[in-house]
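Under the working numbering, the first residue of the sequence shown is numbered 1079, with each subsequent residue one higher. All C-beta atoms in this analysis are idealised placements derived from N, C-alpha and C, irrespective of residue type, glycine included. Since we're looking at a predicted model, the values are computed, not measured. One structure is given here, and the rest of the page talks about it.
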Amino acid sequence: MFNYVKNSLSKLIKSRLIVLVVLFALLAGILIQRLYTMQIINGEKYLTDFTMQIKKETTLKSTRGNIYDRDGNAVAYNKLAYNVTYEDVGSYDTTRERNLAMNGSLYQIMKVIEDGGDQVYTNYAIDIGSNGQYEFTREGFNLLRFRADIFGYADTEDLKTDERNCTAEEMMQTLSTKKWYGIDLSVYTEEELQEYGLPSSFTKEEQLKLTALRSAVAQNSYQKYVTTTIAKDISKDTVAVIMENKDRYPGVDVEEDSIRVYEDGLYMAPLIGYTGQVSAEELEELNGENGNGQYSSSDIVGKSGLEKYFEKELRGQNGTKTVYVDNLGKVLKEDSEVAPQAGNDIHLTIDRNLQIAVYKILEQYIAGIVYNKIFDAEKFDKDSISSEDDILIPIYDVYYSLFENNVLDADHLASDDASDNEKRIYSEFQSREEEIFSEIRGQMTSSSATAYQDLSEEMQVYESFIVDDVLIEGTEVLDKDKIDTNDEMWTKWSNDGSVSLNEFLSYAISKNWIDITKVNSDTTYLDTSEITGALADYVTDYLSKSDAFSRQVYKYMIQNYQISGKDICLLLFDQGILKMNEEDYSALENGAVSAYDFIMAKIYSLEITPAMLALEPCTGSAVITDPDNGDVLACVTYPGYDNNRLANNMDDDYFYKLNSDKSSPFYNKATQEVTAPGSTFKIVAATAGVMEGVVGAYDTINCTGKFQLIPPDVNCWIYSERYKSGSHGPLTLSQAITESCNFYFNTVGYMLGKTSDFTNLTPETDADGNVVQSSTYNDAQAISTLTKYAAMYGFDANTGIEIDETAPHVSTADGARTAMGQAGNTFTTSQLSRYAATIANNGTCYDLTLLDRITDSDNNTLEEPEPVVHSTVDLSSDLWDVIHSGMNGVYQNNAAFTDIKSSFNMAGKTGTAQENQDKPNHALFIGYAPYDTPEIAMAVRITNGYSSTNAASVAKDIVSYYFKLKDESDIITNTAANVNVSNSFAD
């Protein structure tokens, strides 16, 4: 037995099998040892080494440069802020799981943000309209680009027809489906909703916010590890809640960022502008020629003003940072970093304190004019007056303007938190609206409807609104391209109103002017009466959702005493327009103070401003420059706006309010609004007359009061049509400037057009004795000459100011009227200020500039522009003395300067410009100070400001402030100024 075992072992050892067994055993041992080392001893190290293979490159945003005034005061700068970002870090087996997880995570963090008093950031092109339906907030290329981004196209041309034309409602429905973002919660089980922290249903607003967030995340889905900002500038409390519960919100983080802050926004905004997220159009432009593709769709750029003009200087250069992260996005190791480069700083020529003071002075005088023109009446009949001087503002226009200009929020009257006063007014409004709708239905459907001309004024307004604003412009149901404007029926409707609305619509249907398919898709068997019935339902439904129509209803409810002045005053308190004052509220309620007296007191105290009322006048401007170099010291437009509410996370409601504001705060009255210059233009005519040799500096022209050489006659301001008399008599050039004699400058303009015998001022008449244009007068010659000298004063081009400016325009006809500043002359206040500066420095016309210098972030000067000479006016010193003397005479003779002229001397020229006989004239003043050695030149304009004396009064207070002629408290009173409301041409 032993030998058998021994022999077997011997054979086994000698066999090849044992060699293989030993070999495999050895290899297995080595493998086990290596696995033990890797997993047990060095497992954590190898795991770290593996996860560090995920490489992530992020952008380090640069800091935008600051903007300073001439004294180094920051007017635009950056403040540290905290943003909430989101990155999709999940791994999903199905689209359903992905939608549930992402929607749940975003919904929960959205609630955390809103519970902390902050808002999610959604730069989305869809909003909820006043009718409760989704609507697009962009148009044109920006809307097309939005559609393409949503549906995943690089080029807008790739959009399919339904994608290109779908409504906002249809887009929201599509995006809510399970194929897209799965926001329609009805497709999920109750267990799924609970598991992922979702409610049983979303409100319309929640659905919009979540769709916007999902869309924003989707825009970055093609870039791995790129985060999406979902909230900006959150509070520290919200930061704390998120960071303490970060594990509950995968992919959510809080990052440091900066937001743009504007000092004294109300006064500086029209100059500085504001920043915001780049639009598709802006992105294309910025990344175009020489843009090098450095901008991305999430970048913040200058949207208007100097922020936009100096975008490339302010922007800076982004940096990059490369890190290694784990599969949850946690940073494990930093690899490399290229630091961002801060933007350059812009230093302005603007004096911030002067800018603010001029704004307040303008507001005080505009308020003073309004205050003095209001009277206690329901209406004012402009047809009963003989002069614009007599135009008054009835108090009921003031009441209604608070609704019309959206100072009072009509929608809030129907809100859950409305006051009892608001609810009562809204109930009365609803009742009145139903009455109106009933009457409108009758007028649209009844064959015996009343002719338009026989309706009340109120119903005429409603019917005009229906045809013009609803059927033609609003819905295009009535196709204006198909309307035959020569058709007798159209003439009867649009001109004399001798037909009813039913007659007109019935005829329009028969002529196929109306596209009834937009009202009712099934029109096969409808007759005319059925179509007008369907149209009436369609129109009344449209009107019930129209804010513009509602405002008209409120207007007539006020005029018909269904809403009282007291009701309006109480609403100002109810809606927080005025700070609650129990004493004032009670006095209004019990009748101790009348609505008229209350409103007048609030206008006087500037608690209700001219901008809020948007009645004429409600706007003004002033531009103050250094005549030695073109530096702009102040460029003021009234009213302004708060650009802090438009930058960073835009306040959409505020933007909409500004955009619809009747006082047009986005329209810069200093650089964009153009009006006739009035008599301020007479210096151009004076220069042309002397330099062309048609009049000597010391020659006299005899003003007879009525210029009759070119029909129709032109009255000098001193001439009374009532008494058929009034004249200046013989005047030299200097005297004519001081007296602002229209006759003198009409005559100069006329003589500039004479082709021969220019001293012959005898009127030529026809066979009937009527004055006709002289055969030796060439109007084109007069205009050409005046245009040549206007160009010397800078009226041939924009001023060079670094914000949007409307081009100047010199009249192209009627030399006699052009010479006195009327006809077709139109200039901005900035252009008039450059003109004044050119006069002040004896003929050097500098381009205007807002830029003092550009520095880097370490305050090293990079650019310091030199003054740019646009043109020169080469006159003898004697002629300049004559012009200056005449302008000094304006100052000495004008009552506006009475309280400073004894201790201070300056020069100026007033102007009153008539452009519309139904509105007050424009008030203008140009000037410079001090008289002997000018330090500032200025132009002031109050649009529809009645009298040039009002503009001169503004100039007087500006000079008093700048040269410290009075205490600031005596100038800036924060109350309506005591003004001259005369509308006469005494300038």
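Reference residue i; option with closest CA among the options
| i | options | result |
| --- | --- | --- |
| Ser1834 | Thr1854, Gly1847, Gln1372 and Tyr1402 | Thr1854 |
| Pro1695 | Lys1760, Glu1360 and Ala2029 | Ala2029 |
| Glu2066 | Cys1244, Phe1219 and Ala1246 | Because the chain in this structure spans residues 1079 to 2065, residue 2066 falls outside the shown range and cannot be described. |
| Thr1606 | Lys1133, Asn1564 and Lys1589 | Lys1589 |
| Glu1536 | Glu1517, Gly1552, Leu1549 and Lys1238 | Glu1517 |
| Leu1864 | Ser1852, Met1346 and Asp1892 | Asp1892 |
| Ser1935 | Ala1106, Leu1105 and Ser1140 | Ser1140 |
| Tyr1776 | Lys1644, Leu1809 and Leu1549 | Leu1809 |
| Lys1501 | Ala1614, Gly1552 and Ile1641 | Ile1641 |
| Ala1417 | Ser1525, Lys1399, Ile1424 and Lys1680 | Lys1399 |
| Pro1743 | Ala1766, Met1690 and Asp1730 | Met1690 |
| His1490 | Asp1625, Leu1364, Gly1807 and Arg1148 | Asp1625 |
| Asn1431 | Asn1151, Ser1576, Ala1246 and Glu1268 | Asn1151 |
| Ala2054 | Ala1445, Ala1670 and Lys1238 | Ala1445 |
| Ile1378 | Glu1842, Glu1993 and Gln1355 | Gln1355 |
Start and end residues, alpha helix (DSSP H) containing residue i
| i | result |
| --- | --- |
| Tyr1969 | Ser1955 to Asn1971 |
| Leu1364 | Ala1358 to Leu1364 |
| Gly1383 | Gly1383 to Tyr1387 |
| Glu1506 | Asp1498 to Thr1523 |
| Cys1696 | That residue, Cys1696, is in no alpha helix (DSSP H); it is neither H nor E in DSSP. |
| Asp1297 | Position check: residue 1297 holds Gln in this sequence, whereas Asp was assumed. Gln1297 -> alpha helix (DSSP H) spans Lys1282 to Gln1297. |
| Ser1336 | No alpha helix (DSSP H) holds Ser1336; the beta strand (DSSP E) holding it covers Val1330 to Tyr1340. |
| Cys1647 | Gly1643 to Asp1652 |
| Val1317 | Lys1314 to Glu1322 |
| Ile1439 | Arg1430 to Lys1451 |
| Ala1626 | Asp1625 to Gln1637 |
Whether residue i touches residue j by CB criterion (7 Å)
| i | j | result |
| --- | --- | --- |
| Ile1350 | Ala1159 | no |
| Lys1987 | Asn2022 | no |
| Ala1869 | Ala2015 | no |
| Leu1736 | Tyr1719 | yes |
| Ala1763 | Val1826 | yes |
| Ser1908 | Ala1725 | no |
| Tyr1146 | His1425 | yes |
| Leu1361 | Tyr1373 | yes |
| Asn1209 | Lys1623 | yes |
| Tyr1477 | Ile1636 | yes |
| Val1768 | Met1829 | no |
| Asn1161 | Asp1335 | yes |
| Val1548 | Lys1134 | no |
| Leu1910 | Ala2017 | yes |
| Leu1579 | Gln1521 | yes |
DSSP beta-bridge partners of residue i
| i | result |
| --- | --- |
| Ala1689 | Bridge partners of Ala1689: none, in fact. |
| Gly1807 | Cys1781 |
| Leu2002 | Gly1989 and Arg2019 |
| Tyr1924 | Val1947 |
| Gln1419 | Gln1395 |
| Val1167 | DSSP, once it has assigned bridges, lists no residue as partnering Val1167. |
| Ala1974 | None; Ala1974 has no bridge partner. |
| Tyr1402 | Lys1133 and Lys1411 |
| His1887 | Thr1904 |
Whole-number beta carbon distance between residue j and residue i, since they are thought to touch under 8 Å
| i | j | result |
| --- | --- | --- |
| Asp1562 | Trp1568 | 6 Å |
| Gly1989 | Ser1954 | Not confirmed; about 26 Å, so no contact. |
| Thr1289 | Ser1254 | 7 Å |
| Ala1797 | Gly1783 | First, the amino acid is wrong: residue 1797 is Tyr here, not Ala. That belief holds up - the Cβ atoms of Tyr1797 and Gly1783 are roughly 4 Å apart, short of 8 Å. |
| Val1710 | Thr1427 | 5 Å |
| Thr1316 | Val1190 | 7 Å |
| Asn1856 | Gly1831 | 5 Å |
Where the beta strand (DSSP E) containing residue i begins and where it ends
| i | result |
| --- | --- |
| Thr1990 | Ala1985 to Ala1991 |
| Asp1930 | Leu1929 to Thr1933 |
| Ala1154 | Ala1152 to Tyr1164 |
| Ile1378 | Ile1378 to Gly1380 |
| Ala1712 | Val1710 to Tyr1716 |
Any chain B beta carbon closer than 7 Å to residue i
| i | result |
| --- | --- |
| Ala2055 | The structure shown contains no chain B; it is built from a single protein chain. |
Cβ-heavy atom distance, residue i to the ligand ATP, below 6 Å
| i | result |
| --- | --- |
| Ala1488 | For the ligand ATP, the structure offers nothing, since it holds no ligand at all. |
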